[in-house]
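Written out below as structure tokens is the structure these notes cover.
In this note's numbering, the protein residues as written are 746 to 782.
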């Protein structure tokens, strides 16, 4: 449930949920391969 805590493994990076640049609708227009590093 949403109230449960979760200890993420060390190999996971930052949470990206809610970041528009990762939405499919955005990735159609700006594919990851075109992003500046």
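All residues carry an ideal CB built from backbone N, CA and C; glycine is no exception.
For residue 770, the three-state secondary structure derived from DSSP is helix. For the pair residue 772 and residue 757, the Cα-to-Cα distance works out to about 21 Å. Distance from the CA of residue 781 to the CA of residue 775, rounded to the nearest whole angstrom, comes to 11 Å.
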